[in-house]
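Chains as they are written, first to last, in our numbering: chain X, 1 to 352; chain R, 1001 to 1352; chain H, 2001 to 2352.
Okay, so here's the structure we're looking at.
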Amino acid sequence: MDEIVSQPIRLRDLAALLGREYQGDPDLEIRSVASLEDAGPADLAFVRSEKLLDRARASEAGALIVPPGLDLGARATIESPDPGLDFARAAKKVCAAERPLPGVHPAASVDAAASVDPRASIGAGAVVEAGARIGAETVVEANAVIEADVQIGAACRLAAGSIVRHGCVLGDRVVVQAGAVIGSDGFGFVKNPEGAFEAAPQLGSVVLEDDVEIGANSTIDRGSLGPTRIRRGAKIDNLVHVAHNCEVGEDVVIAAQTGLSGSTFVGAGAMLMGQVGASGHLRIGAGAFVGPRSGLHRDVKDGARVWGSPQMDEKNWHRSAASLARLPGIFARVRALERKLGLRETRDGEEE
Amino acid sequence: MDEIVSQPIRLRDLAALLGREYQGDPDLEIRSVASLEDAGPADLAFVRSEKLLDRARASEAGALIVPPGLDLGARATIESPDPGLDFARAAKKVCAAERPLPGVHPAASVDAAASVDPRASIGAGAVVEAGARIGAETVVEANAVIEADVQIGAACRLAAGSIVRHGCVLGDRVVVQAGAVIGSDGFGFVKNPEGAFEAAPQLGSVVLEDDVEIGANSTIDRGSLGPTRIRRGAKIDNLVHVAHNCEVGEDVVIAAQTGLSGSTFVGAGAMLMGQVGASGHLRIGAGAFVGPRSGLHRDVKDGARVWGSPQMDEKNWHRSAASLARLPGIFARVRALERKLGLRETRDGEEE
Amino acid sequence: MDEIVSQPIRLRDLAALLGREYQGDPDLEIRSVASLEDAGPADLAFVRSEKLLDRARASEAGALIVPPGLDLGARATIESPDPGLDFARAAKKVCAAERPLPGVHPAASVDAAASVDPRASIGAGAVVEAGARIGAETVVEANAVIEADVQIGAACRLAAGSIVRHGCVLGDRVVVQAGAVIGSDGFGFVKNPEGAFEAAPQLGSVVLEDDVEIGANSTIDRGSLGPTRIRRGAKIDNLVHVAHNCEVGEDVVIAAQTGLSGSTFVGAGAMLMGQVGASGHLRIGAGAFVGPRSGLHRDVKDGARVWGSPQMDEKNWHRSAASLARLPGIFARVRALERKLGLRETRDGEEE
Chain X
1 MDEIVSQPIR
11 LRDLAALLGR
21 EYQGDPDLEI
31 RSVASLEDAG
41 PADLAFVRSE
51 KLLDRARASE
61 AGALIVPPGL
71 DLGARATIES
81 PDPGLDFARA
91 AKKVCAAERP
101 LPGVHPAASV
111 DAAASVDPRA
121 SIGAGAVVEA
131 GARIGAETVV
141 EANAVIEADV
151 QIGAACRLAA
161 GSIVRHGCVL
171 GDRVVVQAGA
181 VIGSDGFGFV
191 KNPEGAFEAA
201 PQLGSVVLED
211 DVEIGANSTI
221 DRGSLGPTRI
231 RRGAKIDNLV
241 HVAHNCEVGE
251 DVVIAAQTGL
261 SGSTFVGAGA
271 MLMGQVGASG
281 HLRIGAGAFV
291 GPRSGLHRDV
301 KDGARVWGSP
311 QMDEKNWHRS
321 AASLARLPGI
331 FARVRALERK
341 LGLRETRDGE
351 EE
Chain R
1001 MDEIVSQPIR
1011 LRDLAALLGR
1021 EYQGDPDLEI
1031 RSVASLEDAG
1041 PADLAFVRSE
1051 KLLDRARASE
1061 AGALIVPPGL
1071 DLGARATIES
1081 PDPGLDFARA
1091 AKKVCAAERP
1101 LPGVHPAASV
1111 DAAASVDPRA
1121 SIGAGAVVEA
1131 GARIGAETVV
1141 EANAVIEADV
1151 QIGAACRLAA
1161 GSIVRHGCVL
1171 GDRVVVQAGA
1181 VIGSDGFGFV
1191 KNPEGAFEAA
1201 PQLGSVVLED
1211 DVEIGANSTI
1221 DRGSLGPTRI
1231 RRGAKIDNLV
1241 HVAHNCEVGE
1251 DVVIAAQTGL
1261 SGSTFVGAGA
1271 MLMGQVGASG
1281 HLRIGAGAFV
1291 GPRSGLHRDV
1301 KDGARVWGSP
1311 QMDEKNWHRS
1321 AASLARLPGI
1331 FARVRALERK
1341 LGLRETRDGE
1351 EE
Chain H
2001 MDEIVSQPIR
2011 LRDLAALLGR
2021 EYQGDPDLEI
2031 RSVASLEDAG
2041 PADLAFVRSE
2051 KLLDRARASE
2061 AGALIVPPGL
2071 DLGARATIES
2081 PDPGLDFARA
2091 AKKVCAAERP
2101 LPGVHPAASV
2111 DAAASVDPRA
2121 SIGAGAVVEA
2131 GARIGAETVV
2141 EANAVIEADV
2151 QIGAACRLAA
2161 GSIVRHGCVL
2171 GDRVVVQAGA
2181 VIGSDGFGFV
2191 KNPEGAFEAA
2201 PQLGSVVLED
2211 DVEIGANSTI
2221 DRGSLGPTRI
2231 RRGAKIDNLV
2241 HVAHNCEVGE
2251 DVVIAAQTGL
2261 SGSTFVGAGA
2271 MLMGQVGASG
2281 HLRIGAGAFV
2291 GPRSGLHRDV
2301 KDGARVWGSP
2311 QMDEKNWHRS
2321 AASLARLPGI
2331 FARVRALERK
2341 LGLRETRDGE
2351 EE
């Protein structure tokens, strides 16, 4: 669903909407948005910084959002201290996702004991089980599954094929991309005397607070006893794994294919790049930055910047990484020194 | 599905069920389980070891499973040599997953040529194709797909949106978490003289033996000619990739986001931590331990403990990893030695 | 779906189909294909090279595809300069995937404003939304979702539970494995003055050209403004993440669990092994080879072979990796040299 439809707007009205000054024909009609290179006379584009002045001049965009002081002559422009943000807001207005009609598609399956707001929209093939509650203007797309006793707030989007398992709780404006699983059982087993594994209880739920986004085919496991919690505004990319009882703070960003082991705490505003792994029960501090492919084995302090596996301070990691390529040579050099000094030369094999 | 419902039990009966001694009011009714911190008077909690004595004393749990000799005064306790295992078993009894009613949901699609045991349960939107056989007390949840000729034993759970592709075979008590794919085509191609790839045959199946668990959104590819086999009791976490013709042994544990290339053999009882990668045709020995984020390029011996990428013996890896952060300094020190001895100083660039 | 059915063929006809010479009974009927070890008298097997001569002799296969000059006596053989390719082609003929009957399953949901070729097949529970167009002989399997305005060519296979989101475009003979998501929203946000993230526009689409294959549970994000494009013949394995605005060239191979950040360009014929990560806006040259688990931080030249994280030239990486295990010893040796020369001994801690 969410087909994009153009909602044309005049330059004057768009500037007013953004609360910015403009120059040019106030009645210029903007029908879509595009990159500097692809934009045509009915499109809005944006210029991130002065460095792009030449590309901005060459652009055929009908109007541009520009940083203060950028000289594009007489062209239609909206001046903004943050062109990227205002472009995003303009795009949301001009290229609005068409909200599907409210109501339950005839091919959906909604249990009689579920509660669906009449302004919500339930797509074809979607399943809503007993006890589930779905708020106003929330869209449950085709073949999504909302299991028993799930609570979902208003204006959420559960994309096609996404699954929210029993008892999980979503706030308002939560986006769950296609194929994501919320509330899978945590991975916990106890070995019995016969050496086989028995499942440990996975009885908690998952709480996704307001404005959280979960990427396509990501998996957020339910807590074993308490909940797994993703706090307000956190954004999680595709194919990310969040294990049981993690707590991800407000406005945290987690890039694709990263995995958090059980009971990991991520402080507000931290940023984890792609393919990071964190072993269990770690504390990643507020505002920390974790470089791509880092492997975290111990806590990260508030505001720290770490890289590598095992993790190092960012600056040290850059030096260490640069040294890696020169590593083979150092052995030959040390051998030469040992020979010169008549020291017993260690054969390489011995240290292994 | 699998909503959790409380099945209260008296202390006396629970102790008998576990085969353990107890102290306290035999008629005490236990209605749920919880952590030491969250438990109330109707909850059972457990104490893993003596180290938690203070937290146990502070807990408001109505009853506790405790290791032998732990002194909690007159409180209701069940003594166990393995509190974690007994707590798991108690939780399974007290907080039972409500098994859905047997039968086929009206919104399910079961082919006339499929065979579904009358005690099995097929959820809304689930699809069961021709030739598939589904055993007693097996639950196929909402929007799951069981393709043609699949055989599934008794008491399995195929969670919402999981997919078992044609011809795969599942034993008893197998759990497939939401969104997992069993029997996707293996990734094998042959280059033709024009330089394009043609698909190599992917005609084998996947066999999941009794008590196997596959995590959410994991993918187990079918064999190219023979089967891909996951043996009895193996537990596989979320977002794991198992390529064609792998064989995963009994009671193996594979943590999240690990990937096994084609024809990898994993011996019984081995444990692979998260984000491990194994190149193809390797043999990972029985009882081996592979540390998180390891990259395996060669075989691992029975019982060995390896870490790193490329893999090393665990002890050596810890020393090597610790040295990494000190790597930049060694270059300066070797230069100083060379200068002192009047050796021709190698410039760093030359070794690269 | 795609149940495999045997379509027996005579040796003479198979050899003619492949355009190769044969020896043996022209009327020998071949009913299936198998490995050398498992093949029986009605099976075809193949011998990749002379090294397998002993296994070929021991095989009970009814017929074998063999490299030129391999001496198997009087056995039925087809001689081929590329036995693997001819075996793949023979398997496709003999063990054909049974194409489901054309038409729309009664339990599918096809919007009245969608256009489905009468020779296409739409499975149970599949959803096809308004404006979607589906070409001849394309199979949309059970519970797959084809969203609004998607265009799909001929002879494609959209496996069970796969999702193609609104506006994406697929060529002919495209295969999307189970659970894969095509056209999820890209991961792009802009921080507002209050410190929260707002979604940047994700208005582009995904284009999968002819003969592309996307693995199970992989995710291909739509472009933010322009498209994300996977060119003709590229093959992508399971659990791979391709971010917005990437361009993947013709005949590229990407193995499982690899992730490409936004706007990555991969040139024709490049090969990326498993669990590779590429940071954004990189150019990976045509014909390049990227070893497993590499972390790419900068461009890769055409035809280059790189490994490691951070990446190195393949040869250097092998030497560097071998040195890693010997790293701890070098510190002791340098200390010994410093002592001998009376240099101020640096304590290890100081460099950190």
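Cβ coordinates follow ideal geometry from the N, Cα and C atoms, glycine included.
On a predicted model such as this, the values are computed, not experimentally measured, just so you know.
- Within 9 Å of the CB of K1235 of chain R, the CB atoms of chain X belong to F187, F189, F197 and A199, in sequence order along the chain.
- Rounded to whole angstroms, the gap between the alpha carbons of T2264 of chain H and E2314 of chain H is 21 Å.
- For V1334 of chain R, no beta strand (DSSP E) encloses it; the enclosing alpha helix (DSSP H) starts and ends at L1327 to K1340.
- At a cut-off of 8 Å between beta-carbon atoms, R2173 of chain H makes no contact with chain X.
- Close CB contacts of M312 of chain X within its chain, under the 7 Å cut and outside five residues either way in sequence, are with V306 and S320 (chain order).
- DSSP links D1313 of chain R through a beta bridge to R:V1306.
- By alpha-carbon distance to V1110 of chain R, the top candidate from R:A1142, R:D1086 and R:P1081 is R:A1142.
- For A2088 of chain H, the secondary structure class from DSSP, reduced to helix, strand or coil, is helix.
- The beta strand (DSSP E) runs of length 3 or more contained entirely in the segment 2054-2116 of chain H are, from start to end of the chain, 2063-2066, 2077-2079 and 2095-2097.
- Counting along the chain, the unbroken beta strand (DSSP E) around A199 of chain X starts and ends at F197 to A199.
- Residues of the segment 2017-2039 of chain H that bring their beta carbon within less than 7 Å of a beta carbon in chain R comprise V2033, A2034, S2035 and D2038, in sequence order.
- Secondary structure at K1191 of chain R: strand, using DSSP grouped into helix, strand and coil.
- Contacts between I163 of chain X and chain R, judged by CB atoms closer than 7 Å, involve A1160, G1161, A1178 and G1179 in chain order.
- I2163 of chain H and G2329 of chain H have their C-alpha atoms roughly 53 Å apart.
- V2242 of chain H does not reach chain R, its nearest Cβ partner there being about 15 Å away, counting only Cβ pairs nearer than 7 Å.
- Closer than 8 Å at the C-beta level to chain X, one finds these residues of the segment 1198-1225 of chain R: D1211, E1213, G1215, A1216 and N1217.
- Here S323 of chain X carries a helix assignment [DSSP, helix/strand/coil].
- In this structure, DSSP gives L260 of chain X an extended state, which the three-state scheme calls strand.
- Residue environment for S49 of chain X: exposed (fewer than 16 other C-beta atoms within 10 angstroms of its C-beta).
- Chain R has a Cβ within less than 8 Å of the Cβ of E2338 of chain H.
- Contact check for D299 of chain X and L282 of chain X: beta-carbon distance about 6 Å, within the 8 Å limit, so the pair qualifies.
- Residues of the segment 1120-1149 of chain R that bring their beta carbon within less than 7 Å of a beta carbon in chain X comprise A1124, G1125, A1142 and N1143, in sequence order.
- Residue X:C246 holds the alpha-carbon nearest to the alpha-carbon of G259 of chain X among X:P67, X:C246 and X:D251.
- Interface residue (Cβ-Cβ distance to chain X less than 8 Å): P2008 of chain H is not classified as such.
- The shortest C-alpha to C-alpha distance from P1100 of chain R to any of X:A288, X:R99, X:R55 and X:E129 is the one to X:E129.
- Its chain contains A2159, A2160, G2161, S2162 and A2216 as the residues whose beta carbon lies nearer than 7 Å to that of A2178 of chain H, once the 5 sequence neighbours on both sides are disregarded; these appear in chain order.
- The beta carbon of S2294 of chain H sits closer than 7 Å to those of V2276, V2306, W2307, G2308, S2309 and Q2311, all from its chain and outside the five residues before and after it, given in chain order.
- For E2247 of chain H, the pairing in a beta bridge is given by DSSP as H:R2229 and H:F2265.
- Not one beta carbon of chain R lies nearer than 8 Å to the beta carbon of L272 of chain X.
- Residue nearest to I1182 of chain R within the set R:I1065, R:L1052, R:I1214 and R:V1190 is R:I1214 (criterion: CA-CA distance).
- The beta carbon of F189 of chain X sits closer than 8 Å to those of F197, E198, A199 and A200, all from its chain and outside the five residues before and after it, given in chain order.
- Taking CB atoms only, C2156 of chain H has no neighbour in chain R less than 8 Å away.
- Membership of A1045 of chain R in the beta strand (DSSP E) is indicated by the continuous run D1043 to F1046.
- The segment 2136-2153 of chain H and the segment 2118-2125 of chain H touch, with no fewer than 3 CB-CB distances between them shorter than 8 Å.
- What V334 of chain X touches in chain R, judged by beta-carbon distance under 8 Å, is V1334, going in chain order.
- For P1106 of chain R, not one C-beta of chain H is nearer than 8 Å to its own C-beta.
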